[in-house]
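2 protein chains.
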Amino acid sequence: MGLPNRWQPMSKPDQANASPKHDVFQAIADPTRRSLLQLLVDQELPVTVISGHFPISRTAVSKHLRILAEAGLVQERKVGRETRYHLVSEPLLELKDWLSFYERHWENKLAMLKHYVEADNQDDKG
Amino acid sequence: MGLPNRWQPMSKPDQANASPKHDVFQAIADPTRRSLLQLLVDQELPVTVISGHFPISRTAVSKHLRILAEAGLVQERKVGRETRYHLVSEPLLELKDWLSFYERHWENKLAMLKHYVEADNQDDKG
DNA sequence: ATTATATGACACCTTAAGGTTTCATGTCAA
DNA sequence: TTGACATGAAACCTTAAGGTGTCATATAAT
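Line by line, the protein sequences are chains A and B.
Reminder that position 72 of the first sequence reads as 72 in the working numbering, one-by-one numbering, no gaps.
Reminder that position 59 of the second sequence reads as 1059 in the working numbering, one-by-one numbering, no gaps.
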């Protein structure tokens, strides 16, 4: 078993961005931020328009957007006096990698369950 | 596009457990809790042993375990005077489902990138 | 019976999260 | 140039998050 047993930081500090304050896991923890991502899937929208979709203040939305940006999940582009935001889905790969480690686990369980059910069916037949 | 544009709660309240306080997204947001999950992948361990792997107090670890349990990611079993915890990976399926929505997105991008690179190679050849 | 161990429950502390309102600044329109 | 609009920054509030230490209780060991 090559699995680490002792404590360790787990997720890379993301030194390239020089803003290690928020990571992907934290960014998607908030339901409002998840809604924000969904809204920006294939649209690039300015803050005011975005905040029109939420029951909270524009400033609050702006803060959420900054957190998403820190995690790399969203990118801003200044156009005239407005700042438009759009989704950047690549950082979610880290999440997928993390998940894949546990995936084998539940797949094993499902396989075992399937085997069990099939055996049960055979019992019924016999 | 049938995608919802207006705000909505996003994740099911998990009424069956009667403890909708913590969901999977929140549960895995904390690096210590992610380490806990990794530690409990194929072992069932009591609190004292678990907390031996972390630089924080046993009480703190216990709280983290409760949060994981509320999210359904960990299950406890009393054996004598000790409470043993083990991983339950199924709730991570919700995460996988959530991810799959964005997966098509980055896959599109990767496909486009690949296409672009191949076109570039052809340019080199020609 | 008495002592030691394992754990949950409390009370408490400090800081960060999520939110609001107000103000300053940059940009577009008249 | 003057006014309207978009946004970021700052100050502030409230509550939850993560942590600590102490105590009570149930179980195991002597």
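Note that beta-carbon positions come from the ideal geometry of N, C-alpha and C, so glycine has one too.
Below-7 Å beta-carbon distance, residue i vs any chain B residue
i	result
TYR85 of chain A	no
TYR102 of chain A	yes
LEU73 of chain A	no
LEU113 of chain A	no
LEU36 of chain A	no
LEU68 of chain A	no
Any C-beta of chain A under 7 Å from that of residue i
i	result
GLN1043 of chain B	no
LYS1021 of chain B	no
GLU1090 of chain B	yes
LYS1096 of chain B	yes
ILE1050 of chain B	no
HIS1105 of chain B	yes
ILE1028 of chain B	yes
LEU1040 of chain B	no
LEU1065 of chain B	no
VAL1047 of chain B	no
Distance between residue j and residue i (C-alpha atoms, nearest Å)
i	j	result
PRO91 of chain A	ILE67 of chain A	13 Å
LYS96 of chain A	LYS1078 of chain B	33 Å
PRO46 of chain A	TRP1106 of chain B	22 Å
SER51 of chain A	HIS86 of chain A	14 Å
GLU1094 of chain B	ASN108 of chain A	17 Å
ILE1103 of chain B	VAL41 of chain A	The displayed chain sequence assigns Glu, not Ile, to residue 1103 of chain B. When rounded, the distance between both Cα atoms is 11 Å.
LYS21 of chain A	VAL74 of chain A	15 Å
ARG84 of chain A	GLU76 of chain A	6 Å
TRP98 of chain A	TRP1098 of chain B	14 Å
LYS1063 of chain B	PRO1055 of chain B	14 Å
GLU44 of chain A	GLU82 of chain A	11 Å
TYR116 of chain A	SER1057 of chain B	41 Å
ALA60 of chain A	HIS53 of chain A	12 Å
LEU1065 of chain B	LEU65 of chain A	30 Å
GLY72 of chain A	GLY1072 of chain B	29 Å
Residue i, buried or exposed, once every other Cβ within 10 Å from all chains shown has been counted against 16
i	result
LEU110 of chain A	exposed
GLU70 of chain A	buried
LEU1039 of chain B	buried
ASP1163 of chain B	Here chain B comprises residues numbered 1001 to 1126, so residue 1163 of chain B is not present and cannot be evaluated.
VAL1049 of chain B	exposed
SER89 of chain A	buried
PRO1009 of chain B	Here PRO1009 of chain B scores only 38 on pLDDT, less than 50, and its place in the model should not be relied on; the value that follows carries that caveat. So PRO1009 of chain B counts as exposed.
GLY1080 of chain B	exposed
LEU113 of chain A	exposed
PRO1013 of chain B	At PRO1013 of chain B, the pLDDT of 37 sits below 50, so the modelled position is not reliable; the number obtained from the coordinates is stated separately. PRO1013 of chain B comes out exposed.
Beta-carbon separation (whole angstroms), residue i vs residue j, contact threshold 8 Å
i	j	result
PHE1025 of chain B	ILE28 of chain A	6 Å
Does the count of Cβ pairs from the stretch 1033-1045 of chain B and the stretch 26-38 of chain A closer than 8 Å reach three?
no
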